[in-house]
Structures are given as structure tokens and as C-alpha cells.
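Chains as they are written, first to last, in numbering that gives the first Met the number 0: chain H, 0 to 245; chain W, 0 to 245.
Just so you know, even glycine gets a beta-carbon here, dropped at the ideal spot from N, CA and C.
Bear in mind that the values here come from a model prediction, so they are computed numbers and not experimental data.
Number of protein chains: 2
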Amino acid sequence: MPNALSILPVAGLPEIEPGHDLAAAIFGQVDLADGDIVLITSKIVSKAEGCIVELDEIEPSAFARSWATQWEKDPRVVEVVLGESTRIVRQVGPVLITETRHGFVCANSGVDQSSSGAHGRVLVLPADPDASARRERARFAELGVDVAVVITDTFGRPWREGQTDVAIGIAGLDPLHSYIGQHDPHGHEFRVQEICVADELAAASELVKGNTSRVPVAVVRGYEWERRADASMAPVIRDAERDLFR
Amino acid sequence: MPNALSILPVAGLPEIEPGHDLAAAIFGQVDLADGDIVLITSKIVSKAEGCIVELDEIEPSAFARSWATQWEKDPRVVEVVLGESTRIVRQVGPVLITETRHGFVCANSGVDQSSSGAHGRVLVLPADPDASARRERARFAELGVDVAVVITDTFGRPWREGQTDVAIGIAGLDPLHSYIGQHDPHGHEFRVQEICVADELAAASELVKGNTSRVPVAVVRGYEWERRADASMAPVIRDAERDLFR
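Okay, here's the thing in C-alpha cells:
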């Protein structure tokens, strides 16, 4: 039988600035144990990595200016959103759903205007969230704990209102758990089922993080996982030819 | 600061049959407390409610026969899937994404061939999962505990591989938590953010339920929620005119 899990909020972190040692800051605020999974909101990873764009330095294209004017948006922010994307998936009314450089599909390329600390700046997603996760996991190992790391962000989705936290970077554990070839209690073989545990862990972490509180990190304790040095979010990103909603 | 949460697996339930008192069976296996959230896999709700279709009694339409033959499916199962749907969202190769009578978009209308106990039968989703949740919540109240109830199912999603558990029925707590009008720690007002906590709770529950183990129920303890007698999944179902991926 699976274990009971605990989900612990990690509060008390300082305001994160470029160059901050995130893992050390987290390590100082929570009593981590081997096997814990540390879930970090991408916002503070972006801050620590300096993924900050000064809007004064942005020269919007004609396309960005035209659309921004139509929907009363800041054309410089629109330019940043477009620059972070490789493809526009939907552009309907004021809504812009893009595919990011990493292959994630989300609103506004994950560009965050809300919490960049000062006006006139926006945060963009980490350049390589898997690498960010690996770096933090390695730093936790230096500090003496063998933990998995998941970088999370808050995404909307089709058909259902409300956003949920999903994984955008991972280190240590595989994001997908496959049941294919296994059998249920009645002997029926699973043919298609594969669970995205990374997204389930991310969703669980949001329940203690909240968005108005200063809790950008959570720890899941008690979940059993196999160590995988080559873990990444790549297998979660659906190939274009398998995707029915491009 | 948010509380730490516990997620407890509930094992030891009997094989559920039509007419079983689910809440009483769960109550007998876990020490529930007021404020707990009980997450029940829809499969056992369907079994308890007799949402079982005998395939021998199904007469497939020409459309179901034609498509089933093309993709080596059982035409009777295809007929059940079509009968449970109000609209086909995508029909590409062997994949059939439908909108169910409830308004959920998922593969095969949520029809479950895997665990109906005997071959020649399939399970369909509960007719009214909110009503199922309300009934179980009321039964738990009779047994002496004030708990929220969430009925879950395992759905795929666009763009990302792997399935996750989502909520399909709810009682006691609102599925959405809105931050609109609130302010983040930097004083920035949230303009659009609304979190689907019901889906996050469902996702969290899957981490202890698993699919090959006999753990169809989980309990989330420590999550603070307001009692809402009129809670339902209706606000999660996106209106057609707001949906960009119909």
C-alpha cells in the first residue's frame, strides 16, 4: 500500500535576488530529509537566475504594438511574450496562448508581470528549468540531502476554469509513472495509462503554497521514487504529431 | 501561513457492489475527523450506484460499427461511449475525445473497460457526480463527521503526456479559489488568477491511491475550507464561448 504523504509549506525565505543560493536558503528554513521532494515556484528561480527583463530596453515590433493597442496592453510586455514563444497557439480577443521555447503551452509564454519586485520589469521563465532543477538538486546534495527537485508554474488549461500548478522542470525523479503492461486487481492489463506524477506533485504543492502568502516552496515527504540522473520534462512534452489540440 | 497537509491512503475496502454504502465502508477503514476532505475514485462510485452497462444488451449503430471495425475496437463499447457523450470534440485515428453529458471533455466519455469486475461489462461515469458527492457527504454527516467529498477520475489533457486525476463531483467546498481583487506581497492586484483547488486535491490524492493497488480512496487532512452547501463542479466547466479549444 502507498505511504501517507505530508506536504509542508516552506516559509521565511528572504526576498530572492539575482545570484541568491536558493537551495541554501530553503535548506535553512526546513528540516529536509533524504527522499523529500522540493517543489519550487518558478518565480523565485527566475529571480535567482536573473530572468528579469527591463521593459525600458524593449523595442516593440509593429505586430506587438498593433495588438497591444487593440486590447489595452503594454506593447513592451507583448513583445517580451512573443520573444519567449516559438509559436502562437491561439490569439483570440485579449488572450494569447503560446508555445514557449521549452515546448510548454500556456498563456503569455509564462511571462509574469505580478511579482518582479519593481514596476517596469517582468519575469520570464527560467531558460532551462530542468537544468535549474538539476543545479538545485546538486546543491542540496552538497548540503547533505538527497532530494528530488521540481520547478512549478501556474497554468490554465482548456475546457476547465481555474488554473493549477504544473511541473516545468525536474531533477532526480521521472515525471511520468507508467502502468502500461501492469495489471489491475482484476487482471486487466493497462494499455494506455501513464500518470504525470510531476504535475500531481506540483498541484499538491500549490495547496500549501498559496499565491498571496510568501510561501514559494513546498516539500512532499513520504512519496517513494526511484533515483534517475537523466530525469527531465522532455517526455511530458507531447510530440506535434500526437497532439490533437495544436 | 498555510498548514502542512497530510494525504492518507484508505485501503481495506471490500469489492464494491451496487447498493453498497460507500461512506460507511470508508468510515470503517479510516479515522476521519471534521474538516477532512475525502477523495473517492469515480470507479467505485459507479459500481456502488450500478452505473454498469452489459455489453450484450447494446445494439451498435452503423457509425459505431464502422469506426470500431476501422480501429479494431468493440463496437458495443464505442456505442456506449457515444451514448455517454453530447459531442465529439476530436476523432483522430483510434482516439475519441468527447464531451460528456456533465460537460467534461475526456477520452471515451470516461467509459471504463478495465475494472468492471467481469468481462462483458463496462462502467460509465456516475449520472450526477455532484449529487453523488453530496449524498456521500450527507451520509458521513449521519455517521458523525463533517467532511468535504470529491469524486475523482483520471483524465488526459492536451499538449502534455501523462494523465492526472481531476475532480468530477464535489460537495461541501468550492472547487475554485479566487485571488481576483487580492494583492500579492508586492501590492500587485491579481486580475485573473483563480485556482482549481478541486483538481489540485484530486491530483494530490492520486499520489497515494495508485492504480494497481486497491486504494480507491484518499483523505486530505489539514486543508482549510469554507463550508458551502451549494458547491458543485458547474463553475469549473468552461462556457463554450470562453473556450478556445472546442
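- Comparing C-alpha distances from R120(H) to each of V110(H), D127(H), D129(H) shows the shortest one belongs to V110(H).
- For the pair of segments examined, the segment 7 to 26 of chain W was found not to touch the segment 76 to 89 of chain W: the number of CB pairs separated by less than 8 Å stays below three.
- The residue among Q162(W), I6(W), E14(W), P74(W) with its C-alpha nearest the C-alpha of V196(H) is Q162(W).
- T151(H) is the residue among T151(H), P125(H), R159(H), D33(H) whose C-alpha sits nearest the C-alpha of A166(H).
- For a Cβ distance threshold of 8 Å, residue set R159, E160, G161, Q162, T163 of chain W lies close to C195(H), ordered along the chain.
- When DSSP reads this structure, I15(W) sits in no beta bridge, so it has no partner.
- Taking the CA atoms as reference points, A32(H) sits about 15 Å from G171(H).
- Close partners of L124(H) in chain W (Cβ separation under 9 Å) are lacking, with about 15 Å as the shortest Cβ gap.
- Bounds of the alpha helix (DSSP H) holding E141(H) are 128 to 142.
- Rounded to whole angstroms, the separation of the alpha carbons of G49(W) and A22(W) is 16 Å.
- Using a Cβ distance threshold of 8 Å, L4(H) and R220(H) count as a contacting pair.
- Here the alpha carbons of R156(H) and A147(W) stand approximately 25 Å from one another.
- According to the DSSP assignment, Q90(W) belongs to the beta strand (DSSP E) that extends over 84 to 91.
- Counting the other CB atoms within 10 Å of its CB gives E205(W) a total of 16 or more, which places it among the buried residues.
- Counted as a single uninterrupted DSSP element, the alpha helix (DSSP H) harbouring F26(W) occupies residues 21 to 26.
- When the beta-carbon positions are compared, K42(H) and P234(H) stay at least 8 Å from each other.
- Not a single CB atom of chain W sits nearer than 8 Å to the CB of G109(H).
- Residue pairing by DSSP places D164(W) opposite T153(W) in a beta bridge.
- Taken atom to atom, the span from the alpha-carbon of W224(W) to that of D35(W) is near 9 Å.
- Comparing alpha carbon positions, the residue from P59(H), E71(H), D129(H), Q90(H) closest to V44(H) is D129(H).
- The beta carbon of S131(H) sits closer than 7 Å to those of V44, E48, P125, I150, G168, all from its chain and outside the five residues before and after it, given in chain order.
- When CB distances to chain H are screened at a threshold of 8 Å, not a single residue of the segment 26 to 55 of chain W falls below it.
- Of all alpha-carbon atoms in T40(W), P74(W), T68(W), R213(W), the one lying nearest the alpha-carbon of H182(H) is that of R213(W).
- In the DSSP assignment, T97(W) is bridged to I87(W), C105(W).
- Taken through DSSP and simplified to helix, strand or coil, I57(H) comes out as coil.
- In the DSSP assignment, E71(H) falls outside any beta strand (DSSP E), carrying neither H nor E.
- Secondary structure of E223(H) (DSSP, three-state): coil.
- In this structure P174(H) does not touch G209(W) by the C-beta definition: roughly 17 Å separates them, more than the 8 Å allowed.
- The beta carbon of V76(W) sits no closer than 8 Å to any beta carbon of chain H.
- A Cβ of chain W is located within less than 8 Å of the beta carbon of D198(H).
- In the DSSP assignment, I43(H) falls within the alpha helix (DSSP H) that extends over 41 to 47.
- The Cβ neighbour count for A201(H), taken over all protein chains shown within 10 Å, is at least 16; the residue is labelled buried.
- Shown here, V146(W) sits in coil according to DSSP, grouped into three states, outside any helix or strand.
- In the DSSP assignment, P8(H) is bridged to A217(H).
- Taking 8 Å as the cut-off, the Cβ atoms of T99(W) and S113(W) do not count as close.
- Under the three-state reduction of DSSP output, L124(W) falls in the coil class, being neither helix nor strand.
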